[in-house]
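Here the structure comes first, spelled out in structure tokens, and everything after it is commentary.
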Amino acid sequence: MQHNRRRSSLRFRLSNSWDLYLFLIPMLAYFIIFHYAPLYGLQIAFKDFKIRKGIMDSPWASPWYYQFERLFSTKLLRTALGNTLMLSFLQLAFGFLPPIILALMLNQVPNLKFKKFVQTVSYAPHFISVVVVVSIMFCLFSTSNGIITRLLKVFGLGPYAITSQARYFRGLYVGSDIWQNMGFSAIIYIAALSAISPELHEAAVIDGANKAQRIWHVDIPGILPTITIMLILRSGSIMSVGFQKVYLMQTSLNLSRSEIISTYVYKVGLEDGDYSFSTAVGLFNSVVNFILIVSVNAITRRLSETSLW
Amino acid sequence: MAAIKKTKFDKAFDIILYSVLGLLAASYLYILIYVVSASFSDPNAVYSGRVVLWPVDFTLQGYKRVFQEKMVLLGYRNSMLYMVTGTAISTALTLMGAYALSRRDLPGRGIVTGLLVFTMFFNGGIVPLYLIVRKLKMIDTMWSLVLPGAVSMSNVIIARTFYANSIPTGLLDAAKIDGSTNIGFFFRVALPLSKAIIAVIALYYAVGLWNDYFNAMIYLKTREKYPLQLFLREILISSQQSAAMTGDVLEQELLAQLQEIIKYTLIVVGSLPLLMLYPFLQKYFVQGVLIGSLKE
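Sequences listed follow chains A and B, in order. Take the first sequence: its position 295, counted from the start at 1, is 296 in my numbering, and no numbers get skipped. Take the second sequence: its position 212, counted from the start at 1, is 208 in my numbering, and no numbers get skipped.
Laid out in structure tokens, this is it:
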């Protein structure tokens, strides 16, 4: 006990562990420069920023909420916000369950070789770059000779200009996302499933439960905490749909569906040079996102014992 | 367990299970094989849709043509350089920082961790970050690609969890008695014990750096510095979206010459390093997910 008390005194810890800070400083410097310094730069959302004058010397906007007034009156932003939320919602609605189902199914496979084979094949797309994934998609759906276009033709359908038309954009985005990440996202559930005590299954078998009943009454309750955590994480990122793939898939034809907040921020800010407005939109997005993840976490903590913090 | 006879229901269940999973795996495999086959097939066969599964009229034409292209070779070299440099910096920063954070006796540990985790949920957005990179005079240099995203907090958490769980405290106490410093202990004891986590972290960063086009698109101005993914984007996607692209003459010529198979060849070439690393990637990425899901 005496020993413990001495350990926890700050002076003892400082004299004993100060050199750990030598390890920490490079990483801290990184976070200060590339994560906290940009927060200081957020003030240009309230300024009339001119790149030649710099952050300090640019005058404050009048009124100070000028950019936000613009933000809420821009029609394009409303489209972008709607598209962002819709894309996120569809991704959550259609993309959240497949990895869980895949994990539950793989968990039932007694043949280890077959299981390993399915895993190896379905993880592979996760490592491919977005540029390549979008290219593969364009090749497969190419109206002239894409393999999927030809397949549809066998059934007397098409040809459809799937990759360029606005109405197919969402399906293509969500579908390719599921294709690319379903296998890899299943890993965490497979791990959670393997932690379920085999005794529970044995008891269920003795009670005469068939496989479906065991999945429903043993497996799913067993991985429910993991599912909750993943759901919190996913809902927290509802405002941050990946810029990279959307931007690659964007054409002037599908803009009505494919303009999302992050692509809008990029274009307004870095292409048109309207820095203050772009920062204001980005700030609005970050704040909503932050409120979202904090509230989702608070709600789940109240409803169940699982939460992020 | 084995003694219990399978019920009829369970037998039917297994049949459905195997067929669904088999179909799924087959569809994944099919797309991957088709792309590779098309890249080795005669352009005419690809264009007229005669390639179904295996290469038709096997040829290396596409690869010869692609590797003659200066842009592709240049992009390859640049991407390799960025990937190796970036991975080295990121892995070193992450492992050292994560080790310090894993030590319960680090003064101010809770505060520091809190400040770092906050950055996962709130950020300044791209314009303020761009202005910082510009201020540091990194625009159009390699540093703009490897430094702004150098440390990923989720990797720090994975490495920290690993150190907290798998370096026995007894080792540290023993080393302290022998007069070892914390830094000496890290390099002589902790680092040699963490080969697996080094591989996990390094591979995470390497894949991210190799696949990135976004930072390069924002920060690089000189075409000679472009990584492969940015060239691929130009050739594979921009060319498809707007037939009349505003590029230089050489590019126009390349686009005109682009035949069907070159697209497939580029897809294969662009993912080749990752395909070669795949056995390691699979093993260590899975380990990373598993460590990440542990509680400290």
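The C-beta atom is built at its ideal place from N, Cα and C for all residues, glycine as well.
Distance between residue 119/B and residue 57/A, taken at the CA atoms: about 20 Å. Residue 160/B holds the alpha-carbon nearest to the alpha-carbon of residue 93/B among 77/B, 72/B, 49/B and 160/B. According to the DSSP assignment, residue 157/A belongs to no alpha helix (DSSP H), since it is labelled neither H nor E.
Separation of residue 49/B and residue 150/A (C-alpha to C-alpha, rounded to the nearest whole angstrom) is 16 Å.
Not flagged as an interface residue toward chain A: residue 170/B, since no C-beta distance is shorter than 7 Å.
Annotation: Cβ neighbours of residue 21/B in chain A (cutoff 8 Å, chain order): 118, 119, 122 and 123. Using a CB distance below 9 Å, the part of the region 142 to 159 of chain B facing chain A consists of 143, 144, 145, 146, 147, 149 and 152, ordered along the chain. Cβ neighbours of residue 135/A within its own chain (closer than 8 Å, five residues either side excluded): 177, 246, 249 and 250. Sequence-distant Cβ neighbours of residue 92/A in its own chain, meaning closer than 7 Å and more than five residues away, are 175 and 178. In the DSSP annotation of this structure, the continuous segment of the alpha helix (DSSP H) that includes residue 199/A starts and ends at 199 to 207.
Taking a Cβ-Cβ threshold of 8 Å, none of the residues of chain A is close to residue 136/B; the smallest such distance is about 14 Å.
Judged by their CB atoms, residue 96/B and residue 29/A are not nearer to each other than the 7 Å cut-off. Between the region 282 to 301 of chain A and the region 253 to 270 of chain A, the count of C-beta pairs closer than 8 Å reaches three or more; the two stretches touch. For residue 61/A, the beta-bridge partners assigned by DSSP are 48/A. DSSP places residue 100/B in the coil class of the three-state scheme, outside both helix and strand. Against chain B, the CB of residue 85/A has no partner CB under 7 Å away; the residue lies outside that interface. Rounded to whole angstroms, the gap between the alpha carbons of residue 65/B and residue 42/A is 42 Å. Interface criterion met: the Cβ of residue 178/B is under 7 Å from a Cβ in chain A. Annotation: residue 130/A to residue 265/B spans about 12 Å, alpha carbon to alpha carbon.
Residue 225/B reaches chain A at 130 and 132, counting residues in chain order whose Cβ is nearer than 7 Å. Residue 32/B: member of the alpha helix (DSSP H) spanning 4 to 35, first to last residue.
Contiguous alpha helix (DSSP H) elements confined to the region 122 to 164 of chain B occur at 122 to 131, 139 to 142 and 149 to 162, taking only those with 4 or more residues. Within the same chain, Cβ atoms closer than 6 Å to the Cβ of residue 31/B are found at 260 and 263, the five residues on either side in sequence being excluded.
Annotation: the continuous alpha helix (DSSP H) that includes residue 95/A extends over 76 to 96. In this structure, the straight-line span from the alpha carbon of residue 4/B to that of residue 10/B is close to 10 Å. Assignment of residue 141/A by DSSP, reduced to helix, strand and coil, places it in the helix class. The CB of residue 278/B comes closer than 7 Å to the CB of 121 and 124 in chain A, given here in chain order.
At a cut-off of 7 Å between beta-carbon atoms, residue 212/A makes contact with chain B.
Taken atom to atom, the span from the alpha-carbon of residue 257/A to that of residue 172/A is near 14 Å. Considering only 226/B, 209/B, 271/B and 129/B, the residue with the shortest C-alpha distance to residue 39/A is 129/B.
Among the residues facing chain B, residue 218/A is not included, as its CB has no counterpart in that chain under 7 Å away.
Contact check for residue 222/B and residue 121/B: beta-carbon distance about 25 Å, past the 8 Å limit, so the pair fails to qualify. Closest in C-alpha terms to residue 26/A, from the list 40/B, 67/B, 136/B and 147/B, comes 147/B. Ranked by how close their Cα comes to the Cα of residue 91/B, the residues 156/B, 206/B and 34/B have 156/B in first place. The region 99 to 114 of chain A and the region 180 to 194 of chain A touch, with three or more beta-carbon pairs separated by less than 8 Å. The straight-line gap separating the alpha-carbon atoms of residue 42/B and residue 167/A is approximately 28 Å.
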